[in-house]
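J.: Numbering follows this note's numbering, in which position 350 of the sequence shown is assigned residue number 353; successive positions increment by one, without gaps.
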Amino acid sequence: MTYLWSSKMSQVNSPTKSASSSKGSSPARVALAALIGSVVEYYDYFLYATAAPLVFSKIMFPSHDPFVGTLLAFATFATGYFARPFGGIFFGVLGDKLGRKRVLTITIFVMGLSTIGIGLTPSYSSVGILAPILLVLFRIVQGAAAGGEFSGASILSMESAPRERRGFQGAWPASGVFIGIALASGLFALFVNLLSPDQFLSWGWRIPFLLSAVAIVVAVIVRNKIEDSAIYREAKETGVVSKTPFRHILKHEKKAALTVIGGQVAQQINSYVYLTFATTYIAGTLNLSASIGPLGVGIGCVATAATVPLFGWLSDRYGRKPILLFGAASGAAFAFPFFMLLNTRVNAVIIIALIIGLSVGNAALIAPQGAYFSELFTMRGRFAGFSASREIASSLFGGPFPLIAVALVGVTGSYWPVAAIAIFVCGVGALAFSLSPDTYRPKKLPGTANSAPEPSAKVEIP
């Protein structure tokens with residue numbers, strides 16, 4: 004029964020004979036390209052999240068009240084998220100119509116250029132109001148590029164793998180996300196410790212942004228050496244891919260889109276409690292060293308980069324839903340204990356708390372996404388459906404969350420509203436997963452011998 008909807012709405016979940024017989028890039032090569040691209044893309048994107056409370060609140064949004072400066076910096080952070088649905092729709096449609104590889108090359112190039120632009124933006128003291136205006140514009144471009152990256156890389160990785168390994172293969176872009184974040188956090192922690200506060204605010208913070216130029220070249224070269232999956236090419240050649248992918252999703256695959264939105268809300272908020280808000284809380288509310296937050300996030304992300312493929316592999320062994328539901332339950336259970344550990348003000352305890360939060364519940368929520376969210380949609384509009392739905396959730400909830408969280412702590416003087424929000428959204432995600440089918444059940448599990456057969460790429464749906 005759980006496969007009835009999934010089977011009806013699926014055209015291609017693995018290569019047909021003709022598709023598999025055509026040459027394409029090996030799964031390992033595609034996974035490497037997706038991993039490297041995601042590392043670069045999210046290194047660029049999360050540099051801003053790290054710099055917002057440490058740098059931009061001071062030199063781009065000067066204020067006599069540090070709290071106000073931080074709010075303004077995170078407000079700009081949110082503008083990137085408001086652009087993500089537009090990027091998700093635009094690049095998603097292009098990815099369905101023109102190919103995954105081509106779009107992923109474009110997104111990484113656009114992201115890199117905007118990141119370099121941020122690194123070259125003068126301070127408020129130099130050019131006045133033009134400084135925050137330029138920052139906002141570059142952040143918007145970053146958001147649009149990010150809107151097509153994760154979904155496209157996940158789809159390309161998943162489609163290039165055998166059905167029984169899609170969870171593991173599709174998890175590598177998510178692993179790359181956390182490697183990129185770790186690099187961003189680690190470099191900031193390094194320069195905060197190596198330079199004096201004046202040197203860091205004057206020029207040191209720009210170096211991590213400008214290093215993006217080198218990373219772009221490497222990522223573009225690697226991605227140009229892979230091909231679109233045989234599954235996609237067959238679907239394109241046989242006319243299965245819709246000429247209007249986004250319109251098709253709105254008309255025929257709304258349930259899949261709602262599942263992605265609900266699941267992404269849980270992962271996004273859960274993730275940003277640790278990735279962005281915790282850094283501000285540690286430095287601002289607890290008045291601890293500004294390097295502790297980025298250091299803890301960096302170490303936590305390294306651990307998460309390792310556990311994400313593990314949870315992806317487990318989703319191949321036990322199904323997508325059990326892993327996702329475990330992630331939602333873990334995220335909710337750890338919400339209040341996490342802040343209790345931070346409030347000990349012991350550096351080692353804080354770092355351990357960040358490692359646990361990121362590498363367990365959060366990792367379990369994001370690892371199966373590449374396979375699960377892709378498999379929910381048909382080949383008629385898979386890229387458009389995945390990217391648009393995921394980025395709508397990111398825009399409406401992920402972007403404003405750091406701003407809302409900082410404001411709530413400022414008003415209440417306590418962390419409990421933030422922890423309560425984290426628990427609530429984990430419940431939303433669990434509900435979304437529970438009401439939707441599992442897209443993959445291993446035959447070796449009890450009661451799953453009659454798993455849904457692979458439909459042909461030539462099967463037509465309304």
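Note that beta-carbon positions come from the ideal geometry of N, C-alpha and C, so glycine has one too.
For clarity, every value in this text was computed on a predicted model and none was experimentally measured.
If I measure Cβ to Cβ from G334 and keep anything under 6 Å in the same chain, skipping five residues before and after, which residues do I get?
T.: The sequence position of residue 334 within the sequence shown is 331, counting from 1. Closer than 6 Å at Cβ, skipping near neighbours: N273, G364, C429.
J.: Can you tell me whether S25 is helix, strand or coil according to DSSP?
T.: Your numbering for residue 25 matches position 22 in the sequence shown. Per-residue confidence for S25 stands at a pLDDT of 48, beneath the threshold of 50, marking its modelled position as unreliable; no derived number is given.
J.: Going by alpha carbons, who is nearest to G170 out of I182, S157, F181, G179?
T.: As a first step, residue 170 must be located in the sequence shown, where it is residue number 167. The shortest Cα separation from G170 among I182, S157, F181, G179 belongs to S157.
J.: Alpha carbon to alpha carbon, what distance is there between A147 and V180?
T.: One-based indexing of the sequence shown puts residue 180 at position 177. One-based indexing of the sequence shown puts residue 147 at position 144. Roughly 17 Å separates the two Cα atoms.
J.: Since P88 contacts S377 with CB under 8 Å, what's their CB separation in whole angstroms?
T.: Position 85 of the sequence shown holds residue 88. Position 374 of the sequence shown holds residue 377. The pair is not a contact, with the Cβ atoms about 18 Å apart (cut-off 8 Å).
J.: Is it buried or exposed for Q271, if we count other Cβ within 10 angstroms and need 16 for buried?
T.: What you label residue 271 is simply residue 268 of the sequence shown in a count that begins at 1. Under this definition Q271 is a buried residue.
J.: Tell me the start and end of each unbroken alpha helix (DSSP H) in the region 32-61 that is at least 4 residues and wholly inside, in chain order.
T.: none
J.: Can you list, in chain order, the residues of its chain with a C-beta nearer than 7 Å to that of A356? Leave out the 5 residues immediately preceding and following it.
T.: The residue you call residue 356 lines up with position 353 of the sequence shown. For A356, where only same-chain residues beyond five positions count, the Cβ hits under 7 Å are F341, L344, L345.
J.: Just verifying my parser: in three-state terms, what is the DSSP assignment at I111?
T.: The residue given as residue 111 occupies position 108 in the sequence shown. Three-state DSSP puts I111 in a helix.
J.: Got a sec, what are the start and stop residues for the alpha helix (DSSP H) I295 sits in?
T.: Within the sequence shown, the letter at position 292 stands for residue 295. It spans 295-321 - the alpha helix (DSSP H) in which I295 sits, taken as one unbroken run.
J.: Mind checking which residues open and close the alpha helix (DSSP H) that includes L345?
T.: Working through the sequence shown from its first residue, we reach residue 345 at position 342. Taken as a continuous stretch (DSSP letters only), the alpha helix (DSSP H) holding L345 covers 338-345.
J.: Report back the beta-carbon spacing between G115 and G151 to the nearest angstrom; my notes put them in contact at under 8 Å.
T.: Against the sequence shown, residue 115 aligns to sequence position 112. Against the sequence shown, residue 151 aligns to sequence position 148. Going by Cβ atoms, the distance from G115 to G151 rounds to 14 Å, so no, they are not a contact pair.
J.: Can you give the Cα-Cα distance for A238 and G122, rounded to whole angstroms?
T.: If you number the sequence shown from 1, residue 238 lands on position 235. If you number the sequence shown from 1, residue 122 lands on position 119. Roughly 42 Å separates the two Cα atoms.
J.: Quick one: residues in its chain with C-beta nearer than 6 Å to the C-beta of G520, no 5 flanking neighbours on either side, listed in chain order?
T.: There is simply no residue 520 to check, as the chain begins at 4 and stops at 465 in what is shown.
J.: Does DSSP put W175 in a helix, in a strand, or in coil?
T.: Against the sequence shown, residue 175 aligns to sequence position 172. Residue state, collapsed to three classes: helix.
J.: By Cβ distance, which residues of its chain are closer than 6 Å to I2, with the 5 residues on each side in sequence left out?
T.: In the structure displayed, the chain extends from 4 to 465; residue 2 sits before or after that span and is not available.
J.: At the level of alpha carbons, what is the spacing between F94 and S28?
T.: Walking along the sequence shown from the start, residue 94 turns up at place 91. Walking along the sequence shown from the start, residue 28 turns up at place 25. Approximately 22 Å, taken between the alpha carbons.
J.: Enumerate in chain order the residues of its own chain whose CB-to-CB distance from A177 is below 7 Å, with the five nearest sequence positions on each side excluded.
T.: Locating residue 177 in the sequence shown gives position 174, where the first residue counts as 1. Hits under 7 Å: V311, I369, A370, Q372, G373.
J.: Leaving aside the five residues before and after V431 along the sequence, list all residues of the same chain whose C-beta is less than 7 Å from its C-beta, in chain order.
T.: Counting from 1 along the sequence shown, the entry for residue 431 is found at position 428. These residues qualify, in order along the chain: G265, V268, A269.
J.: Go ahead and pull the three-state DSSP assignment for N273.
T.: The residue given as residue 273 occupies position 270 in the sequence shown. Helix.
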